[in-house]
Amino acid sequence: MNHKALLMMALMLMVTASPLVTPVSAQLEDIEVLEMVVNPANNHTYYLLTASSWTDAAQVARSLDGFLVTVNDEAEDQWLFDTFATDGDITRHIWIGLTDQNAEGEFRWHDGTPFLYRNWGDGQPDEGNDEDYVHITGTNMGSIDPATWNDLEDDPQYFPVYGVVEVGEGADYALRFDGDDDYLIAEHDEGLIIENDLFISAWVKPYTANGNQFIVMKGDYGWGMYLSNGNLAYSSQYSLSQHPKSNFTVPINQWSMVSIHVTNQSITFTLDNVSESPIALEDHQIPQGDFGSNDCYQSGEACDEFYIGRMGAGCDCSYFYGLMDDIEISSSNQSISDWSFPEGEGATTLDNSNRTANINGAAWVMPDGTIIAQAIEVKNGITVSSLSAQPGDTLLFFVEIPENTRYVQLTVYAWDNWGDEENEEEFQEIEMNIYIANNRIPTAWDHDDIVDGWGYYSYGYYEWPEAGTWWMTITTKTGFNNAELSAYWEEAPTPPELDDMTELKNGIAVTDQGIGRNSDTKSLYYYVDVVEPLTELSVKTFGGDGQCDLHIAWKVLPWDDFGQPW
């Protein structure tokens, strides 16, 4: 096709208008490893198992210290098919770790990884007859092409399916803090009283080096660790200006392991296992977080809680901006509190001693910052209803926008608040943000557009969106119930190839043009090849009988003003 910019026009005439084999399910002890392969792309080990049910294969996967395979992208998908589904003259259907056995339509990976990449076959998943388990097809299955995905029952009776096990690190979770008001809080207990020897470490990925960003703090100006304009600092007393700080700065936008080791005589700062020389502390007393700041004194509260992601009870400030994982607190080589965030979802998290921390706003993410949420497809003209979220939750949606889409409109309603504005005691204004991005999952700091939502209604409208997978996240600080999301788009009529159009040239009329009333042709297409800047371009029609409309578009397909093709 000509790659120059083209002006396209459409002259449109308005016219009236088999036997089943029943194998016995394999016993676990009968399942064997047929092949072991290392994928050079990720250095993970994969095992091909003998045929079995999905659940049996999943149990064997765990015994091999792995999971049924997680397919992260198109390259891995193709590698799995080429490696295990086709072997000379042999073709196999292979189990992957995807299932919606816990909730119909909510597919999840065996290892807990968020379900983002997908490669469904035609009409799949059809979710019929307890078909809760997914395989990669080795051969054609009617309209389902090889190498695409299909859902099956656990133990299919018509062909064997072979499990593929992936041994890697599995899913790992972190928490993302927005630097504004996200934090975790755990109640005080005697185990958090540390007097003589304190060790704090954490994996952090800060998004900025500016200001004070607390990683942890105990109580009211108690012991803690934070970043001070990029330097690692120890909360040693009330006055922040007197706090010891490292000479090194913690890099932004990358994971680093930071730690402090405090005794009554010194403090040592460490970055990625490289320690600075100890800084002397003379008869230092580790602060217990009982300073008695004004807010705590006036409220009469104990203010002895343990905080992650902000300064302690004495100051609602100094929030962390970035990702955190694997926070360890110990004393004299004895573990006190380790927070590895293994849950991946929910409003609370537990440490290794079963302490509970409430999550206020911080979002569950993968180590690369990808949010952990069930991705829900929004189809054209079909409303996704009964949506609910707790404060701090993130919901994830995607829309497959086809080529030549004229426009798409998105609407979100939170019906629980409809009509409650006048009832001040019952009405709570809902705060939500809708982030949108093409072919990537959006965040507050990486998105193509943002739609602010307040009250009960949000709306977005986009003309000529780029084709592809558009992802949407809805984040909320207030929570909501009974919300619904819908998308509607119109596709423009597909024009003929450029060679089948008529080129209009400067000052030369094209004659004898017409469309018969009963003709199968409803439109005539023309184009102008614009090769240099123009001061004016006009197109005229004259003569002839009947009614017609002339539509002109620059770089896009012609479309009438009312959103309807003629």
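Numbers 22 to 587, taken from this note's numbering, label the letters of the sequence shown in order.
Glycine is no exception: its CB is placed at the ideal position from the N, C-alpha and C atoms.
Tell me, to the nearest whole angstrom, how far the beta carbon of L89 is from that of V188; I am working on the premise that it is less than 8 Å. As a position in the sequence shown, residue 89 is number 68, starting the count at 1. As a position in the sequence shown, residue 188 is number 167, starting the count at 1. Not confirmed; about 11 Å, so no contact.
Closer than 6 Å by C-beta to A82: which residues in its own chain qualify, once you throw out the five before and the five after it? Chain order, please. Residue mapping note: residue 82 aligns to position 61 of the sequence shown, counting from 1. Cβ neighbours of A82 beyond the five flanking positions: F88, L89, V186.
Integer Cβ distance of I451 from G481, believed to fall under 8 Å: For the purposes of this step, residue 451 is taken as the residue at position 430 of the sequence shown. For the purposes of this step, residue 481 is taken as the residue at position 460 of the sequence shown. About 16 Å separates the two Cβ atoms, so there is no contact after all.
Kindly examine the ligand HEM and report whether one of its heavy atoms sits closer than 7 Å to the Cβ of P579. In the structure shown, the ligand HEM is absent, as is every other ligand, since no ligand is present at all.
Let's see if you can read the secondary structure: which residues bound the beta strand (DSSP E) around V188? Along the sequence shown, read from residue 1 onward, the residue named residue 188 stands at position 167. Taken as a continuous stretch (DSSP letters only), the beta strand (DSSP E) holding V188 covers 182-188.
Residue burial classification, F220 (beta-carbon count within 10 angstroms, cutoff 16): Within the sequence shown, residue 220 is the residue found at index 199, counting from 1. Looking at its Cβ environment, which holds 16 or more other Cβ atoms inside 10 Å, F220 is buried.
Can you tell me which of L119, I307, D241, Y342 puts its alpha carbon nearest to the alpha carbon of C317? The sequence position of residue 317 within the sequence shown is 296, counting from 1. Nearest of L119, I307, D241, Y342 to C317, Cα basis: D241.
Run through the DSSP bridge pairs and tell me what M522 is partnered with. The count along the sequence shown starts at 1 and reaches residue 522 at position 501. None, per the DSSP bridge assignment.
Where the alpha helix (DSSP H) through W75 begins and ends: The residue you call residue 75 lines up with position 54 of the sequence shown. Counting along the chain, W75 sits inside the alpha helix (DSSP H) bounded by residues 75-84.
Pair within 8 Å by beta-carbon distance, F419 and A396: The count along the sequence shown starts at 1 and reaches residue 419 at position 398. The count along the sequence shown starts at 1 and reaches residue 396 at position 375. The answer is yes: Cβ separation under 8 Å.
Which of helix, strand or coil DSSP assigns to D51: Reading the sequence shown from its first residue, position 30 is the one you call residue 51. D51: helix per DSSP, three-state reduction.
Endpoints, beta strand (DSSP E) assigned at D98: In the sequence shown, residue 98 corresponds to position 77, counting from 1. Unbroken run through D98 is the alpha helix (DSSP H), 95-101; no beta strand (DSSP E).
Drop a sphere of 10 angstroms on the beta-carbon of R538, count the other beta-carbons inside from all chains shown, and report buried for 16 or more, exposed for fewer. Working through the sequence shown from its first residue, we reach residue 538 at position 517. Exposed, because fewer than 16 other Cβ atoms sit within 10 Å of the Cβ of R538.
Whether Q178 touches I165 by CB criterion (8 Å): By one-based count along the sequence shown, residue 178 stands at place 157. By one-based count along the sequence shown, residue 165 stands at place 144. It is not a contact, given that the beta carbons lie outside the stated cut-off.
First through last residue of the alpha helix (DSSP H) which encompasses Y318: Numbered from its first residue, the sequence shown carries residue 318 at position 297. Unbroken alpha helix (DSSP H) run through Y318: 315-320.
Going along the chain, which residues of its own chain have a beta-carbon closer than 7 Å to the beta-carbon of G390, five neighbours each way excluded? As a first step, residue 390 must be located in the sequence shown, where it is residue number 369. Counting only Cβ-Cβ distances below 7 Å, and skipping sequence neighbours, we find R197, L344, T464.
Going along the chain, which residues of its own chain have a beta-carbon closer than 8 Å to the beta-carbon of T229, five neighbours each way excluded? Position 208 of the sequence shown, counting from 1, holds the residue named residue 229. Only G200, I273, Y342, G343 meet the Cβ criterion.
Is there contact between the region 237-256 and the region 304-311, where contact requires at least three CB pairs shorter than 8 Å? yes
Per DSSP, K226 forms a beta bridge with which residues? Stepping through the sequence shown from its first residue, residue 226 is reached at position 205. L344, per the DSSP bridge assignment.
Would you say the region 519-534 touches the region 543-551, given that touching needs at least three Cβ pairs under 8 Å? yes
For E557 and P579, the rounded distance between their alpha carbons: Taking the sequence shown and counting its residues from 1, one reaches residue 579 at position 558. Taking the sequence shown and counting its residues from 1, one reaches residue 557 at position 536. Distance between the alpha carbons of P579 and E557: 19 Å.
Kindly confirm or deny that the region 321-330 and the region 246-263 touch, where touching means at least three C-beta pairs closer than 8 Å. As far as the Cβ criterion goes, the region 321-330 does not touch the region 246-263, which means the pair count is below three.
Who are K266's beta bridge partners in DSSP? Position 245 of the sequence shown, counted from the first residue, corresponds to residue 266. A254, per the DSSP bridge assignment.
Report the rounded CA-to-CA distance for P423 versus I157, giving the unit in angstroms. Locating residue 423 in the sequence shown gives position 402, counting from the first residue. Locating residue 157 in the sequence shown gives position 136, counting from the first residue. Roughly 25 Å between the two C-alpha positions.
Which of helix, strand or coil does DSSP assign to E208? For this step, residue 208 is matched to residue 187 along the sequence shown. Note: E208 maps to coil in three-state DSSP.
Could you spell out where the beta strand (DSSP E) holding M278 opens and where it closes? In the sequence shown, the residue the question calls residue 278 occupies position 257. Taken as a continuous stretch (DSSP letters only), the beta strand (DSSP E) holding M278 covers 277-283.
Which partner residues does V237 have in the DSSP bridge list? On the sequence shown, residue 237 is found 216 positions in, with the first residue counted as 1. Beta-bridge pairing links V237 to M246, I329.
Complete runs of the beta strand (DSSP E) confined to the region 387-416 [at least 3 residues]: 396-398, 405-410
Tell me the rounded alpha-carbon separation between T76 and N217. Start at 1 with the first residue of the sequence shown, and residue 76 comes out as number 55. Start at 1 with the first residue of the sequence shown, and residue 217 comes out as number 196. Between T76 and N217, the C-alpha separation is close to 51 Å.
Limits of the unbroken beta strand (DSSP E) element including A192: Taking the first residue of the sequence shown as position 1, residue 192 is located at position 171. Run containing A192: none; DSSP gives neither H nor E here.
Which value, in whole angstroms, describes the spacing of the CA atoms of S298 and Q286? Taking the sequence shown and counting its residues from 1, the one referred to as residue 298 is at position 277. Taking the sequence shown and counting its residues from 1, the one referred to as residue 286 is at position 265. Spanning the two alpha carbons is a distance of roughly 13 Å.
Could you tell me the alpha carbon to alpha carbon distance between K543 and G528, rounded to whole angstroms? Your numbering for residue 543 matches position 522 in the sequence shown. Your numbering for residue 528 matches position 507 in the sequence shown. Computed Cα separation, rounded: 26 Å.
State the Cα-Cα distance for the pair D566 and I536, rounded to the nearest angstrom. Your numbering for residue 566 matches position 545 in the sequence shown. Your numbering for residue 536 matches position 515 in the sequence shown. Straight-line Cα distance between these residues: approximately 10 Å.
Proximal residues to T270 (C-beta, below 6 Å), its chain only, five neighbours per side dropped: Against the sequence shown, residue 270 aligns to sequence position 249. G251, N252.
For I350 and E442, the rounded distance between their alpha carbons: The residue you call residue 442 lines up with position 421 of the sequence shown. The residue you call residue 350 lines up with position 329 of the sequence shown. In this prediction, E442 has a pLDDT of 47, which is less than 50 and means its spatial position is unreliable; what the coordinates show is noted afterwards. Distance between the alpha carbons of E442 and I350 is about 47 Å.
Proximity below 8 Å, CB of D347 to CB of W224: Along the sequence shown, read from residue 1 onward, the residue named residue 347 stands at position 326. Along the sequence shown, read from residue 1 onward, the residue named residue 224 stands at position 203. Against a cut-off of 8 Å, the Cβ pair of W224 and D347 comes out as a contact.
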